[in-house]
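**Q**
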Amino acid sequence: TINEGEFVTFLGPSGCGKTTILRMLAGFETPTSGEILFNGKDISELPPNERKFNTVFQKYALFPHLNIYDNISFGLKEKKVPKNEIKKKVKRVLEIVDLEGFEKRKIDSLSGGQQQRLCIARALAVQPKVILCDESTASLDPISTGKIEDLLMELKSKYTVIMVTHNMQQAVRVSDQTAFFLLGDLVEYGDTDQLFSTPKEKKTEDYITGRFG
């Protein structure tokens, strides 16, 4: 269970299933069993565009032939949002991610950190309830990573944030709750500080102390 306004990290080694679960939440994968409940309603069969979720991908998934304005407004245009409202929304989200005035810039003129902030702006523009981040800082330098982490932590006052990472230090820095996965199983889930200081499961302790993984 993930509560509204929480910052939750899915942690574990490569291949443990954390990204698969994130993709199921986003609607890109269909569960073979079980349910995904959002506000008490099973959304397992709901297409991605009808969910109140939006994903920030590791490799950006931006449209290289579109400028920044058109990248952000793409989803809004698909939803038939009026042009004047689109302009207001684009301006607002660019201010949030500290890219105001960049509307006409091309994607390849941005640094990696700026492109990731643009991805977050694009996700926010369609007003999701939940932001899903799939290793969204894995390819960034430490300074850019810190800026993205700070931004995501600011956003949790208005959104629920779920982040996939294998970086334990990052989980400690940003998340309220951490779920540790191993070989497709959820091993332990709880308060981040507690999970890292006094894990309940030996597998969790072995992983965070470097005995395996």
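Position in the sequence shown counted from 1, then plus 869, gives you this note's numbering.
Even for Gly, the Cβ is constructed at its ideal location relative to N, Cα and C.
Which residue marks the beginning of the beta strand (DSSP E) containing V950, and which one marks its end?
**A** That residue, V950, is in no beta strand (DSSP E); it is neither H nor E in DSSP.
**Q** Might you give, ordered along the chain, the residues of its own chain that have their beta carbon closer than 7 Å to the beta carbon of E1057, omitting 5 neighbours on each side?
**A** F1049, L1064, P1068, K1069, E1070 and T1073
**Q** Grab me the residues of A1007's own chain with a C-beta within less than 6 Å of its C-beta, minus the 5 sequence neighbours each way, in chain order.
**A** Q927
**Q** Give every residue of the same chain whose Cβ lies closer than 7 Å to the Cβ of A1040, excluding the five residues on either side of it in the sequence, and list them in chain order.
**A** T878, L880, T1034, T1047 and T1061
**Q** With C-beta atoms as the reference, is I965 less than 8 Å away from A990?
**A** With contacts defined as CB atoms closer than 8 Å, I965 and A990 qualify as a contacting pair.
**Q** Does the distance between the C-beta of G909 and the nearest non-hydrogen atom of the ligand GTP fall short of 7 Å?
**A** Annotation note on the ligand GTP: not contained in the displayed structure, which lists no ligands.
**Q** Report the three-state DSSP secondary structure of D1060 (helix, strand or coil).
**A** strand
**Q** Mapping the DSSP letters down to three states, classify C885 as helix, strand or coil.
**A** coil
**Q** Determine whether the Cβ of L993 lies closer than 8 Å to any Cβ atom of chain B.
**A** In summary, chain B is missing from the structure at hand, where a single protein chain is found.
**Q** What is the residue span of the beta strand (DSSP E) that A1048 lies within?
**A** Q1046 to L1051
**Q** Quick one, which of E919, G1079, N936 and V925 has its alpha-carbon nearest K973's?
**A** Residue nearest to K973 within the set E919, G1079, N936 and V925 is N936 (criterion: CA-CA distance).
**Q** Should I1004 go down as buried or exposed, given a rule of 16 or more other Cβ atoms within 10 Å for buried?
**A** Here the sequence assigns Glu to residue 1004, which means Ile is not the residue at that position. Counting Cβ neighbours within 10 Å, E1004 comes out buried, since at least 16 surround it.
**Q** Mapping the DSSP letters down to three states, classify I1012 as helix, strand or coil.
**A** helix
**Q** Anyone know if the C-beta pair for L987 and L1001 falls short of 8 Å?
**A** no
**Q** What do you reckon, are the CB atoms on G884 and P916 nearer than 8 Å?
**A** no
**Q** Might you give, ordered along the chain, the residues of its own chain that have their beta carbon closer than 8 Å to the beta carbon of S980, omitting 5 neighbours on each side?
**A** S1013
**Q** I1031 by DSSP, collapsed to three states: which one?
**A** strand
**Q** For G1053, which residues of its own chain have a beta-carbon under 8 Å away from its beta-carbon, when the five flanking residues on both sides are left out?
**A** C885 and G886
**Q** Between the alpha carbons of I941 and Q985, how many angstroms are there, rounded?
**A** A direct Cα-to-Cα measurement between I941 and Q985 gives close to 12 Å.
**Q** Considering only the beta carbon of each residue, do M893 and P882 sit closer than 8 Å?
**A** no
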